[in-house]
Amino acid sequence: MADSSHSDEKLDEDLEKKGDQQEVYAVTADASFNYDSSQDRLQRRLKQRHVQMIGIAGTIGTGLFLGTGRALSEGGPVGALIAYAFVGTVAYASLCAVGEMTCFAPISGTFPHYAARWVDPAFGFAIGWNFFYAAVVGIPVEIVAAQLLTTYWDKDLSRAPIYIGVVCVALVSINLFGVRFFGESEFVFSLIKIAMVIGLIITGLVIDLGGAPDHKRRGFQYWKNPGPFHGIGLEPTRPHLDQFLGVVGVLVQAAYSYQGMEMVVVAGSETQSPRRNIGKAVRRVFWRILIFYMLSVFVVTLIVPSNDRLLLRATGNAAESPYVIAMTTAGIKVLPSIINAGILTSAFSAASSGLFCGSRVLYGLALRGQAPKFLMSCTSSGLPLAALIATSLPVCLSFMTVSSGGATVFNWFVSLSTVSGFMGWAAVNLTYIRFYRGLRHQGIDRSKFIYTSPFQPYLSYWGLFWTVIFILINGFYIFWEFNASDFLTCYINIPFFLILYVGYKVFKKTKIWSVDKMDFVTGIPSIEETETPPVVPTTVWGKILEKLF
1493 MADSSHSDEK LDEDLEKKGD QQEVYAVTAD ASFNYDSSQD RLQRRLKQRH
1543 VQMIGIAGTI GTGLFLGTGR ALSEGGPVGA LIAYAFVGTV AYASLCAVGE
1593 MTCFAPISGT FPHYAARWVD PAFGFAIGWN FFYAAVVGIP VEIVAAQLLT
1643 TYWDKDLSRA PIYIGVVCVA LVSINLFGVR FFGESEFVFS LIKIAMVIGL
1693 IITGLVIDLG GAPDHKRRGF QYWKNPGPFH GIGLEPTRPH LDQFLGVVGV
1743 LVQAAYSYQG MEMVVVAGSE TQSPRRNIGK AVRRVFWRIL IFYMLSVFVV
1793 TLIVPSNDRL LLRATGNAAE SPYVIAMTTA GIKVLPSIIN AGILTSAFSA
1843 ASSGLFCGSR VLYGLALRGQ APKFLMSCTS SGLPLAALIA TSLPVCLSFM
1893 TVSSGGATVF NWFVSLSTVS GFMGWAAVNL TYIRFYRGLR HQGIDRSKFI
1943 YTSPFQPYLS YWGLFWTVIF ILINGFYIFW EFNASDFLTC YINIPFFLIL
1993 YVGYKVFKKT KIWSVDKMDF VTGIPSIEET ETPPVVPTTV WGKILEKLF
């Protein structure tokens, strides 16, 4: 945290020094590409603390609270830790790349617009609609996850539509109240998540050290028996290969858990002093999330054996959580219900973040002429109402789970949204590589930017390579137990993306931008237009809050 605070102070100093140093570059694109931001009606109402917490709220969810059990059962304690640490580096690469581009150009449309601007308009169109489509299928996934969590208390499935309806109304209402209300809600949800993660880590350590009602000290015994790695069951006669495949399976699970971290930059066009605040968020959020994930996974490996049969249950509620399994085994009675309530808020928060991000990306596509113009409609307070309503309509898909056939389709949605997230990471890293090359060719000095990501462009090469690998291995298990529907849900996103890309390219006759034709000027606000001088806290309480948020 000390290094992070020092970096944040340097960021503020650079902002003050460079306020009058933003250069005007020569290359501008043809007006037909709609890079002018004069029609953008969004307003900067999010504060630094909102942005910090949106990144945390958008990432920490059921993937951490419930998914770590599956990761442990497939990869074993060491395999799970290796996978989560490794995927963390890929998530870091993606976040740094999109963070630098957002701080350079804090405008509506976020990374799909950057892809259109510095790679190819057709590429931006394809990745933008891919992201919107991921939000459309991802929001019902989280809504149903919230409904399933209620079954921990109410087993009567006939009331499921009522719970789904309540979640849908609350979800849409929060977003309709405006970005400031959304920011405050995510701030509260994030505090709940952080408190719950810290509480679970402490409780897990107490159980491990013998402080639970059963007074059984576990130590590292589960690392020795059943062992550091655990096979996935695809190659039972070849245990080493099976253990390797288990780690591969955890890679996909871990990547899904980290998805959503990039949401912090989607709000760039609605953030106060975006260059300073997005820069601080990128510096701080990743390390906090990585620490939460790594500590949580580590503690889970200490308190639950990887061969525990309860890890294989797919209840959808807290009973599936490895922490609850450990608490039940250790004789702790009250906490599981509290944990279920906390996970419920995390599912709701993830759905709310998805609705926010999906509507903003759709609005950005409309601004660039890549979506119907009526979606540009905003209220006087800067709410993209038309885009928000269009993104809200698919929440009705969550009612499909009340029938058995609909439940199958819903499971497809889960896989589809996961692959779309991987493709978003790949697009971010590819776009940054092009962005970096264009800056170098045009003689633009990155060191003069308010925020620059480290280890570039090698970090983005790393991120691009591994996200492509994640896309390809997402459905690796199918090649052992082939199923046509599973194969389609795991890989149909690839031809879908290619159809969007090639179709737009042929229809609009776009070309991949050469480095000497990239536009680093049009519609990008200056530092003076976006940034305000940082307010230095004078009270002890104010200084504490500044360090935290």
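Adding 1492 to a residue's 1-based position in the sequence shown gives its number in the numbering used here.
Where is the CB? At the ideal position from N, CA and C, for every residue including glycine.
The structure presented is a predicted model; accordingly, all values stated were derived computationally and were not measured.
Cross-strand partners of residue i (DSSP beta bridge)
i	result
L1538	T1763
Selected residue, minimal CA-CA separation from residue i, among the options
i	options	result
S1798	T1560, Q1531 and L1534	T1560
G1568	V1757, L1803, I1690 and A1842	L1803
Q1862	I1546, V1570 and I1619	I1619
V2129	L1980, V1920, P2017 and A1822	This structure cannot speak to residue 2129, because the chain is shown only from 1493 to 2041.
I1690	G1834, Y1750 and T1602	G1834
I2016	S1977, N1717, T1910 and M1593	M1593
A1652	T2022, I1693, I1635 and L1663	I1635
L1564	V1664, V1789 and F1848	V1789
K2000	F1603, A1608 and I1552	A1608
A1638	L1880, A1843, V1960 and M1915	A1843
F1623	T1837, F1784, E1727 and L1857	L1857
V1792	A1704, N1975 and S1813	S1813
I1925	S1945, S1912 and T1910	S1945
V1998	P1613, S1761, P1987 and P1718	P1613
K1940	F1596, G1580 and A1773	F1596
A1882	M1892, P1864 and S1829	P1864
Y1750	F1971, F1914, P1949 and F1968	F1914
I1830	L1794, L1980, I1599 and K1685	K1685
S2018	R1768, V1887, S1872 and S1890	R1768
G1955	I1781, Y1969 and A1583	A1583
L1558	A1818, K1825 and W2005	A1818
W1715	D1700, D2011, P1728 and A1704	D1700
S1890	L1992, P1766 and V1629	V1629
Y1785	F1736, T1763 and L1692	L1692
S1952	G1591, V1570, Q1535 and G1555	G1591
I1656	V1633, S1677 and G1675	V1633
Y1968	L1640, A1572, T1871 and G1741	The residue asked about is misnamed: residue 1968 is Phe in this sequence, not Tyr. Answer by Cα proximity: G1741.
I1770	I1942, S1977 and V2032	I1942
P1483	V1579, I1546 and G1930	The structure shown does not extend to residue 1483, since the chain spans only 1493 to 2041, so no value can be given for it.
Simplified DSSP assignment, three categories, for residue i
i	result
Y1943	coil
T1959	helix
Y1517	Low local confidence applies: a pLDDT of 47 at Y1517 is under 50, so the model's placement there is unreliable, with the coordinate-based value given in what follows. Reduced to three states, the DSSP call for Y1517 is coil.
R1651	helix
H1722	coil
K1716	helix
G1771	helix
T2022	helix
A1704	coil
N1622	helix
C1660	helix
M1753	coil
G1601	coil
R1938	helix
A1627	helix
K2001	coil
V1636	helix
E1727	coil
V2032	helix
Y1928	helix
D1734	helix
A1608	helix
G1616	helix
M1688	helix
R1780	helix
M2010	coil
D1978	helix
Cβ separation of residue i and residue j, assumed to be a contact under 8 Å, to the nearest whole Å
i	j	result
S1884	L1877	With 8 Å as the limit, S1884 and L1877 do not qualify as a contact, their Cβ atoms being about 10 Å apart.
A1585	A1746	Contact flag wrong, Cβ pair sits at about 14 Å.
D1734	G1723	3 Å
N1966	V1744	6 Å
V1680	L1538	No, V1680 and L1538 are not in contact; Cβ-Cβ is about 14 Å, not under 8 Å.
L1854	A1879	4 Å
V1911	I1963	6 Å
G1760	R1533	At roughly 15 Å, the Cβ-Cβ gap does not stay under 8 Å, so G1760 and R1533 are not in contact.
A1687	Q1544	In fact, because the Cβ distance is near 16 Å, the residues do not count as touching under 8 Å.
L1980	E1754	About 26 Å separates the two Cβ atoms, so there is no contact after all.
L1859	Q1531	6 Å
Ranges of the alpha helix (DSSP H) found wholly within the stretch 1544-1597, counting only runs of at least 4: Runs of the alpha helix (DSSP H) spanning 4 or more residues and lying entirely within the stretch 1544-1597 occur at 1554-1557 and 1559-1596, in chain order.
Alpha helix (DSSP H) runs wholly inside the stretch 1782-1854, at least 4 long, in chain order: For the stretch 1782-1854, whole alpha helix (DSSP H) runs of length 4 or above, ordered along the chain, are 1814-1822.
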